[in-house]
Structures are given as structure tokens and as C-alpha cells.
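Read through the structure below, which is laid out as C-alpha cells, and then see the notes.
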Amino acid sequence: MATAPQLVTSLATMNRDVSAWVESVAKLTLPNLVYWCDGSPAEFQALQRELIAAKELLPLNPQSFPGCVLSRSNPSDVARVEHLTYVCTRNKEDAGPNNHWIDPAQAHAQMDALFAGCMKGRTLYVVPYCMGPIDSPFSRCGVEITDSAYVVLNMQLMTRMGRTALERITLDGKFVRGLHSTGDLDPKRRFIMHFPEELSIKSFGSGYGGNALLGKKCHALRIASWQARTEGWLAEHMLIVGIENPEGEIHYLACAFPSACGKTNLAMLIPPASYQGWKVWTVGDDIAWLHPGKDGRLYAINPESGYFGVVPGTNAKTNRNAYNMIRHDTIFTNVGLTADNQPWWEGLTEGTPVTDWQGRPYDPVNGPAAHANSRFTVAATQNPSYSKLADAPGGVPISAIIFGGRRRTLAPLVYQARNWLHGVLVGAGVASETTAAATDAIGVVRRDPMAMKPFAGYNFGDYWSHWIDVGAKLKSPPQIFHVNWFRQNAAGKFLWPGFGENMRVLRWVIDRCKGTGKARETAIGHLPNSTDLDLQGLDIAPGALDELLAVSPKLWRDEFAGIEKYLSEFGGRVPQALKAELENALARVHSSQA
Ligand code: GTP
Ligand code: SPV
Ligand code: MN
């Protein structure tokens, strides 16, 4: 007979719905202890100390990385698992061809069988959290039940977690239920299931990132995108950044790039030396919730309060803000170590790795010292470019939406859509090379509409309709653009220097929004001539810009044929207006001579 779980804090009596759910989960999972997280710094410290004592976390060099720890995950558990991620709607068509699906009743049965008794000998943590500023009408709450203290620590950095969140849940009368167990980390017993109609999530068998920190992709994108559709807003895989010019005018941009395609970097970019007086303010680095405002503009909040960022490639030159930000009070996951216990990763220009991410002596034969999807978890307030408006309950007004992808060929450095509807087509047509952020093959170009392929909680056909509807509600909709920082030459070298230099493209984007930027019209939209970009002080290979700003009608004909084929997978759910827009685009590209 299992002993009755012991209740630890007074939070257990604050909300009857939450308590009843916790009780029923405890009955199923049979933990030793039920612990309600209050979200206090003392709690964080105590949990971290416990994990260090249990050797589940390794303290890093206290002189150079004070307050930092290293977590090594199971080598089979290092990224999101898209093939094991499901959206379980009553009607299969509602999940759409963009999602894996099984019947909700069957999904619950399958998951509950895995959860039965899975927390024996473990602690069940109750993690109430609020996605978004605690006092924002746009915020939405959830409770994650997990048996991983590592998840608790991450949720504390990534969300507004604990007592205040539980108070808000009581006011809202509603919350997303996320049940998580690391199980035995057997990849054959690993599933991430979403039940948008019930506002619930069940995740078993992984302790990693988006699989396990349920506030992030599971709630703030898959469940929230469903909620957003019924409530008239958008939940998107976008960074939010403010660009301030020397006159003090700030334009906010929301940019959707697929996983590991540059969101965190752009969100905290440092402008080139010639940009005296320009400042960059980070509102968010991964997720944006966008609401039409009374003034006819689109407003964005960041539902998160921390960053779960890609480590490799971070250095003082590429991303000095991140480099400084992660030197204290940061959780590193799956990086290597130097002899004196400093974290080490590929792209660092100093230090030598002696231990790899699996804890083995470093040997290049075994691959990189840090896993390609190794991550830092850090509170957003540690970011030197943290925006004063990151906590603003009403969010920030968005001037431009920028889609992007990782395309070796074809997609130019930047182009602007003609209008909102054309922009929705540009977003729907996004394709990008896959990255280490998910466990599948890397470097394969796939369609990733609005960078939401792994995250839209419903049928993409309905999703595009919803985008069109939201645009129709806006008197002053954001201008829509597409960028590509990842074009390569024949030798496989990046044509564009990227990182801070991306500011030059953002400046053109903002000028276009203000109506001052110049452009030429092409078959795919408006492109800058090289003379329309501010290139002062830029070191770029001769001919590279011409290549970056070229549009090949022949290649684009093939591209649009591919987009047409892709959209047809969604059959009758694709909005007529989008089909008509695609026909226009095809006609333009076919009649184009160049
Ligand atoms: P997720 O957290 O997975 O959603 O990723 P993200 O979109 O935030 O990507 P991130 O900014 O972490 O960048 C991913 C990788 O791309 C890192 O290794 C960066 O160094 C690299 N990267 C980012 N921006 C640029 C760029 O402008 N040019 C080039 N060449 N690489 C970049
Ligand atoms: C992504 O893959 O887009 C991430 C990391 O931001 S994870 O939290 O694992 O989803
Ligand atoms: Mn992401």
C-alpha cells in the first residue's frame, strides 16, 4: 500500500480546483511527497543545493561563473521529439496534416498507463505559473505537475511561477493542466500529448526543454494558439525587439524564425560601430502573444520571463549581450567543461575543453564538446538589453512582422510583402533547413509556415484563415517582411556577416514602415537595391550583395510550385483568399523576365 502523500506548504489549500486535480494525479502516480512550489528565491536555492548534493547538477567555477550549474541530460534526451508529439482533438481534421494525431480517449488511456505509479519514490512538484506579466489581461496561467526538480528550476526562471501565479489562477477560474514525468527516459515510452479542447497536456519520458518545460512550446504555443483562435489573437514563435534610433523613437519588431535560426541573437543584437546612438531593447526571444489593440495596431507581450537559449556559437563577437548575461546564475545544459570547471562550447574563442557534454574526456572523435542543442536557462532580467516594457501589461505596438528561415539558396537577404494578405502567403511559404533543436535529420529544407510547423496546435488551413481575419481587424497592420541571414556561396560560406550587422536590414525594414525607405518592385515583393541599404563600414565580399539581393524567376517558379503543392495538403481548409493570392504570385513570377 502506498502511503498518503505528505502536503508541504499552505498553497495546497488556496485553490480547490488545483488541489483536486493534484490529488487525483497523486493517486495515479503515487509519489512519496507532494510539494507545492511558492516560487521564492529561497526555494530555488534549496532545490538547487539538493540537486547538487544528489550530483544531478554540477556547480561551475564560482569565481568566473558564480551561481552557475551544469546539467547533463540523458544522451537519448537532448532535443524536442516532433515524431512523438501529438495534438489530440476530437476531430482529426482539426489537428490537421501538420500534426500527429490520435483520438483523445485513446491518448489519455495510453498516457495514464505510463503515469500509473511512475512517481513512486519521487517527489511530485506542483508548479503554478503565469505566462505573461502577472497583471496583464493577455496573460494565461497553468499548473505543471512534474517529478523533475530540474524542470522546477527552469520553470522558475522561464515563467512567473509560484504563489502569485496561483492567486491569479483563482481570479481567472481557469488554468492549463500540464502533467509531466521524466519516467524512465526510455525513448520508446516517450510521448508529448496535447488536448487543446480540454486545455491539458501530458508529457512522459523526457526531461528536456520543450518536451518538459510545459509552459513553453506545449502551453504558450500549441494550447495557446488554439485558445488564441477562439479568442481573436495570435500565439506565435516570435522574438519581440525594440529598435531605438538616435532621436529616441522606438519601433518594435516581431520576428518568426524556426528553431535555432537566430531569434535569441536578433532579440539582443548589438548594432555595428557606425550606429552611434542606436539602442536595441529585448522584449522576448522566442514567443509572442499578439493582440489587436483598440487603436487598430497589433500589440505583443512575451509570455515568458527567461531565455532557454542555444549555447554554441555564443561569444563576445557574435552576441556580447548573451555572453555577458550567462556568466552568473545560469543553468547550462549539455555543454563541455574546461580543466577549471568553466563551461565550454563550440564557438568560444577562449578556453580548452577537457570534458564533453556526456562527461567523457573530450575527444573530437566523439563529436563536439557541447551538444549542438546545448542550452542556457537564464532570467530575462539578466539581459543587458532587457526592455523597460517587457513587463508592460498592454504589451508593445508592433511595426513589422518578419518571417525568416535558414536557406542556403534562393531566399534573398530581405524582401517586403505587398500587404497583409501577401504577407500571410509569404509566412505560409516559409521553408528552412532543419536544426539540432529537434531530434530528426539536420540540414533538410522543409516547409515551416510562420516557423510554427512543430508548434501550431491546430490545422494550418484554419490557422491561415485566422491570420487573415486578425489582419482584417487592424486599421494599421504591421508591414510584413522575409529575411534570410543564411545564404551561402558555392564554397559553403555565409554571404552575409549576420549577427550585429543584421541591424542594417532592420533599419531598412523600419524605414519602409515609416514610408521613407526605397525599394524596387520584383515578382516576389519589394527588395532594397544595394544603395538603399546602409552599408557604411560593412566588410562584405565583392559581389556578395548582388547575390544576396537577386531574385531568380526560374527558381521562384519552382518554389511557388512547391508552395502550391504544400498548401494543397490542407485541402478545403485553405482559405480561398490565400489560394487567390498564391495564383497572383504565380502569375507574377511567370510573367517576370529577369
Ligand atoms: P530556438 O531557441 O531554438 O528557438 O533558436 P533561436 O531562433 O533563438 O536561434 P539562436 O539565436 O539561438 O541562434 C541559433 C544559432 O544560429 C546559433 O548557433 C547562432 O550563433 C546562429 N546565428 C544566429 N544569428 C545568426 C546570423 O545572423 N548569422 C549566422 N550565420 N548565424 C547566426
Ligand atoms: C525551440 O526548439 O524552438 C526552442 C527550444 O526554443 S525548446 O524549448 O526545446 O522548444
Ligand atoms: Mn524556439
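Residue numbers (the numbering used here): 1318 to 1911. Just so it is clear, CB atoms sit at the ideal spot from N, CA and C, and this is done for glycine as well. No experiment lies behind these values; they were computed from the predicted model shown.
- In the DSSP assignment, Gln1893 falls within the unbroken alpha helix (DSSP H) covering 1893-1908.
- DSSP places Trp1606 in the strand class (E or B) of the three-state scheme.
- Where Leu1350 is concerned, the enclosing beta strand (DSSP E) starts and stops at 1350-1353.
- When DSSP states are grouped into helix, strand and coil, Tyr1403 belongs to the strand group.
- When Glu1876, Arg1480, Ile1557 are compared, the shortest CA-CA separation from Tyr1352 is found for Arg1480.
- Residues of the same chain with a CB within less than 7 Å of the CB of Arg1477, apart from the 5 flanking positions on each side, are Tyr1446, Cys1447, Ile1451, Ser1622 in chain order.
- Contact between Val1395 and Asn1683 fails: their C-beta atoms lie close to 14 Å from each other, not under 8 Å.
- Of all C-beta pairs linking the segment 1722-1742 to the segment 1841-1848, three or more are shorter than 8 Å, placing the two stretches in contact.
- At least one heavy atom of the ligand GTP lies closer than 8 Å to the C-beta of Val1627.
- Looking at the backbone, the Cα of Phe1720 and that of Ala1343 are separated by about 43 Å.
- Going by beta carbons, Leu1496 and Ile1518 fall inside the 9 Å limit.
- In the three-state DSSP reduction, Cys1458 falls in the strand class (E or B).
- The DSSP-derived three-state label of Val1762 is strand.
- Rounded to the nearest whole angstrom, the C-alpha separation of Lys1534 and Met1510 is 12 Å.
- Val1398 sits buried, since 16 or more C-beta atoms from the chains shown fall within 10 Å of its C-beta.
- If you draw a 10 Å sphere on the C-beta of Phe1811, you find fewer than 16 other C-beta atoms in it, and that means exposed.
- Between the segment 1742-1751 and the segment 1759-1775, the count of C-beta pairs closer than 8 Å reaches three or more; the two stretches touch.
- Comparing alpha-carbon positions, the option among Val1469, Cys1435, Ala1466 lying closest to Asp1501 turns out to be Cys1435.
- About 28 Å separates the beta carbons of Ser1465 and Met1585, which is beyond the 8 Å limit, so they are not a contact pair.
- Residue burial annotation: Ile1462 is buried, with at least 16 other C-beta atoms found within 10 angstroms of its C-beta.
- In the structure shown, the three-state DSSP call for Lys1634 is coil.
- Separation of Ser1782 and Val1891 (C-alpha to C-alpha, rounded to the nearest whole angstrom) is 7 Å.
- Here Glu1898 is near Leu1742, since their CB atoms are less than 9 Å apart.
- If one requires a minimum length of 3 residues, the beta strand (DSSP E) runs lying completely within the segment 1482-1562 are 1493-1498, 1508-1512, 1517-1521, 1551-1553, 1556-1561, in chain order.
- Placement of the Cβ of Tyr1703 at a distance of 8 Å or more from every heavy atom of the ligand SPV is found.
- The beta-carbon separation of Gln1853 and Ser1591, rounded to 5 Å, stays under the 8 Å limit for a contact.
- Here Gly1888 is not near Gly1712, since their CB atoms are 9 Å or more apart.
- Sequence-distant Cβ neighbours of Leu1347 in its own chain, meaning closer than 7 Å and more than five residues away, are Ala1319, Gly1434, Met1436, Lys1437.
- The beta carbons of Gly1722 and Cys1578 sit about 6 Å from each other, so the pair counts as a contact at 8 Å.
- Contact check for Leu1551 against Gly1559 fails: the beta carbons are separated by 9 Å or more.
- Taking the Cα of Pro1376 as reference, the smallest distance to any Cα among Thr1698, Thr1647, Ala1773, Gly1449 is reached at Thr1647.
- The beta carbons of Ser1909 and Cys1830 sit no closer together than 9 Å.
- Here Leu1488 is exposed. Its C-beta has fewer than 16 other C-beta atoms within 10 Å.
- Remark: the shortest separation between the CB of Ala1337 and any heavy atom of the ligand MN does not fall under 8 Å.
- About 4 Å separates the beta carbons of Ala1687 and Trp1662, which is inside the 8 Å limit, making them a contact pair.
- For Asn1658, same chain residues with a beta-carbon under 6 Å away, outside a window of 5 residues either side, are Leu1377, Asn1378 in chain order.
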